[in-house]
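Chains A and B, in that order, give the protein sequences.
Counting from 1, one number per residue, gives the positions in the first sequence under UniProt numbering.
Counting from 1, one number per residue, gives the positions in the second sequence under UniProt numbering.
Built from N, CA and C at the ideal position, the CB exists for glycine as well.
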Amino acid sequence: MDDTKRYERLLNRYRDGDISRRTFLTALGAAGVVAGVTGGPMGMLARKAHAATPEQVRFDGWGGVVSEAFEKYAFAPYTEKTGIDVVSGTFGGADEYIARVKAGQPGEFNLAHLSGVFDYARYHGLELTSELNEDNIPNLKNVIPSLIEPLRKITGGTLSAVPYDYGTTGIAYNRKYISDEEAKAKGAKLMVDEAYKGKIGGWGEWKTRIWYGALQSDQDPNNIKDIDAVWDMIRSHRDLALKYWSSGAELMSLLAEEEIYVTEGWSGRIKALQDQGHDIGYHDPAGGLGWQECIFVLRGSPMAACEELLNFMLEPEVAIAVAEGQSYPPALDPNKVELGKIIPTLPAFDPSGTLSSLSFFDPAYWNENEADWSKTFSRVQRGY
Amino acid sequence: MAADIAGERRAPWVLLSPSLATVGLLLIIPMLFIVVYSFWLRTATGADQVGFYLDNWIEVLGDRFYRDILFQTFAIAFYTTVICAFVGYIPAYFVANTPMKSKAFLLLMLMLPFWISYIIRTMSWINILGTSGALNTLFLSIGIIDEPIQMLYNQTTVVLGLVHYLLPFMILNVYVSLDGIDKNLTEAAQSLGCTGWQAFREVTLPLSMPGLAAGSLLCFVLAAGTYITPIVLGGPRDAMFANLVFEAIVTQLNWPLGSALSLVLLALLGVLVVIYTRYLGVDQIAKSFK
């Protein structure tokens, strides 16, 4: 029974005459006091009351050039059109955000730019998903079907998010020290090459480390047979690495300042570096990691306002402008929408609209192993 | 008469009630939540399983991994404290023996770093020690080195970042202690035949020990509880205990385990504070903030 039902039951008991007015108000007052410390039923009701007539919706994203693109191309025009403010926040990673959401109240956080199907499944597991009314999002018909279907499968046919963009986590390398030929020949094993000891980086996120550990030990990341071999590869990489980076800004800084020569990196961030004039190569190795990002609507959010914003964000001109700003291809199907001249030049862009050449996290497989692998990675990272 | 006595007895509690309520709401109740959380379990989906389980405590207290990281944390905190004590004593002595007018200016300078975010101060070392940072650029330009030296992202830079962060705390505490020493005592020692160094060693240093101890306690406790510095300036292996708490709560979404870990750290640092209070008293620390 959730807090709202508890409150309704209390109200019914008062209306039915089972409890006195004094007892009812005392219980309500006590709930209010508790809400001041813990949230609680009054806090939840307050949020819901607030959510019913939104003057603003909250959006959280990755920050940096990605958020700047959203602010400029999506939120400002949306606010101008609807009068609803978009309060924009940032997070350093999906894990950090989910912890914040868990600590908050339903309705406190509304929309988030989450990565991958994996996080969508996690949020569903935590009962944080909402149910979008797709009739209110007509632009959803323009989205690549193969990006929508995995989400539907998790939430039993409904959607709690719309796919928004996709990209890859490939190998980024400084061409001054590593040639394109060498990067292609060595693939994922470039990052465990002793020749570059002390000049190797990597994202300090357990999923990516394990994915690349699987590639380096010649295994299918979505069907790992020998996890010990993966841990060994992660240990090798750890001992050769200078730094595990934790944000896109740090990734760009480490490569731009030549602190590291090679790391895996996010396609859009590497494109941004290239556009800034840095001679950084980018290569998606065989079995390279593809991912999609979605705009997720959290349970307890003002759905109509969120759906309107989603539809607005999926307008081709908005989605294309955001995609060009953040250097990740939009989730719009190139067979249905004319994407202009710049999008086809972005790394990871799939002109077929099927994304069949990319490998994605299998959410069921990775979620099943999440508790064990994330904990073990923490130990391996520290020298175990 | 009896009513007056009862009123007098109640008065301190009435006066204290705002403070007690604040401490209760902002410290005691959240702390109790953490204690309760530590006995719950994390389910496979990341949700919490409410109940009374000792699993987290058995894991935290029985697993060598946590002990090793704890020792590493205390070692880093110890090195930081020792360096702060040696490096901080000299400026504190200088400030304490400076004429009153300059003293105010020097104390203001000492407080200046607190006006800048700790994270920004920590990140500034990347621009100083980085491959294309100030030091490497200088060394390359004057020909001392041919290639940039790799100075960042190791335990040394973690300690350096912590010293940078904590040094003002040490200086302030030592300064307060030195400032309270009667100058006539050192003059008397010298008039009785002591050299300047002997007077310092036999009179000034022992009398300043409470300040040094208070500064050391503060530096040690703050260093042992940090997690930003290893993230910004450390390499893949350089973690402190607070990083494990962060990972358990944020990355693994395992709040129950994170709660047990944080309580272990709190308890160990609490023991240190109790020992210090038993022998020296916390009022010495309070003096430096007056």
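Checklist entry - Residues of chain A with CB under 7 Å from residue 65 (chain B), in chain order? => result 379, 384
Checklist entry - So, is the C-beta of residue 153 (chain B) closer than 8 Å to a C-beta in chain A? => result yes
Checklist entry - Quick one: does residue 132 (chain B) have its CB under 8 Å from some CB of chain A? => result yes
Checklist entry - In this structure, does DSSP put residue 354 (chain A) in helix, strand or coil? => result coil
Checklist entry - DSSP puts residue 243 (chain A) in a beta bridge; with which residues? => result A:201
Checklist entry - So residue 273 (chain A) and residue 57 (chain A) are in contact, right, with Cβ under 8 Å, and what is the actual spacing, rounded? => result Not confirmed; about 32 Å, so no contact.
Item to check | Short CB-CB distance (under 8 Å) between residue 125 (chain A) and chain B | outcome: yes
Checklist entry - So the beta strand (DSSP E) residue 172 (chain A) belongs to, where does it begin and stop? => result 161-174
Item to check | Nearest-angstrom Cβ-Cβ length linking residue 199 (chain A) and residue 261 (chain A), presumed shorter than 8 Å | outcome: The C-beta distance from residue 199 (chain A) to residue 261 (chain A) rounds to 4 Å, short enough to fall under 8 Å.
Next on the checklist: Just verifying my parser: in three-state terms, what is the DSSP assignment at residue 68 (chain B)?
Outcome noted: helix
Next on the checklist: Since residue 173 (chain B) and residue 218 (chain B) should fall inside the 8 Å C-beta cutoff, what is the C-beta to C-beta distance between them, to a whole number of angstroms?
Outcome noted: 7 Å
Checklist entry - If you scan the segment 314-357 of chain A from start to end, which runs of the alpha helix (DSSP H) of 4 or more residues do you find wholly inside it? => result 316-326
Checklist entry - Would you report the Cα separation of residue 153 (chain A) and residue 364 (chain A), rounded to the nearest angstrom? => result 11 Å
Checklist entry - Measuring CA to CA, which of A:371, A:191, A:303, A:91 is closest to residue 136 (chain A)? => result Residue A:303 is the option with its Cα nearest to residue 136 (chain A).
Item to check | Nearest residue (CA-CA) to residue 233 (chain B), options B:145, B:45, B:159 | outcome: For residue 233 (chain B), the closest C-alpha among the options B:145, B:45, B:159 is that of B:159.
Checklist entry - Ends of the beta strand (DSSP E) at residue 280 (chain A)? => result 280-283
Checklist entry - How would you list, in chain order, the residues of chain B whose beta-carbon sits under 7 Å from the beta-carbon of residue 299 (chain A)? => result Per Cβ cutoff of 7 Å: no residues; residue 299 (chain A) is ~13 Å from chain B at best.
Checklist entry - Given that residue 122 (chain A) touches chain B, what residues does it touch there, using C-beta distances under 9 Å? => result 45, 46, 253
Item to check | Through-space distance from residue 102 (chain B) to residue 270 (chain A), alpha-carbon basis | outcome: Each residue's Cα considered, the two are about 52 Å apart.
Next on the checklist: Tell me the rounded alpha-carbon separation between residue 24 (chain B) and residue 34 (chain B).
Outcome noted: When rounded, the distance between both Cα atoms is 14 Å.
Item to check | residue 13 (chain B) - containing alpha helix (DSSP H), residue span | outcome: 2-23
Checklist entry - Opposite residue 112 (chain A) in the DSSP bridges: which residues? => result A:60, A:296
Item to check | Residue range of the unbroken beta strand (DSSP E) whose run includes residue 85 (chain A) | outcome: 85-90
Checklist entry - Is the number of C-beta pairs between the segment 188-208 of chain A and the segment 372-381 of chain A that are closer than 8 Å three or more? => result yes
Checklist entry - Around the Cβ of residue 115 (chain B), are there at least 16 other Cβ atoms within 10 angstroms (buried) or fewer (exposed)? => result Exposed, because fewer than 16 other Cβ atoms sit within 10 Å of the Cβ of residue 115 (chain B).
Next on the checklist: List, in chain order, every chain B residue whose beta-carbon is nearer than 7 Å to that of residue 416 (chain A).
Outcome noted: Because chain A spans 1 through 384 in this model, residue 416 (chain A) falls outside it and cannot be assessed.
Checklist entry - Going by other Cβ atoms of all chains shown within 10 Å of its Cβ, with 16 needed for buried, is residue 42 (chain A) buried or exposed? => result At residue 42 (chain A), the pLDDT of 38 sits below 50, so the modelled position is not reliable and the matter cannot be decided from this model.
Item to check | chain B contact residues for residue 198 (chain A), given Cβ-Cβ distances below 8 Å | outcome: 150
Checklist entry - At least one CB of chain B closer than 8 Å to the CB of residue 40 (chain A): is that the case? => result Per-residue confidence for residue 40 (chain A) stands at a pLDDT of 35, beneath the threshold of 50, marking its modelled position as unreliable; no derived number is given.
Next on the checklist: On the criterion of 16 or more Cβ atoms from any shown chain inside 10 Å, does residue 20 (chain B) qualify as buried, or is it exposed?
Outcome noted: exposed
Item to check | Alpha-carbon spacing of residue 84 (chain A) relative to residue 140 (chain B), whole angstroms | outcome: If I take the Cα positions, the gap works out to 55 Å.
Checklist entry - Along chain A, in chain order, which residues have C-beta atoms closer than 7 Å to that of residue 239 (chain B)? => result Simply 382.
Next on the checklist: So the candidates are A:381, A:60, A:89; which of them puts its Cα closest to the Cα of residue 236 (chain A)?
Outcome noted: A:381
Checklist entry - If you check the beta carbons only, do residue 108 (chain B) and residue 99 (chain A) fall under 8 Å apart? => result no
Item to check | Same chain, Cβ closer than 6 Å to residue 360 (chain A), five either side skipped, listed in chain order | outcome: Cβ neighbours of residue 360 (chain A) beyond the five flanking positions: 290.
Next on the checklist: With distance defined between alpha-carbon atoms, name the residue in B:270, B:273, B:237 nearest to residue 384 (chain A).
Outcome noted: B:237
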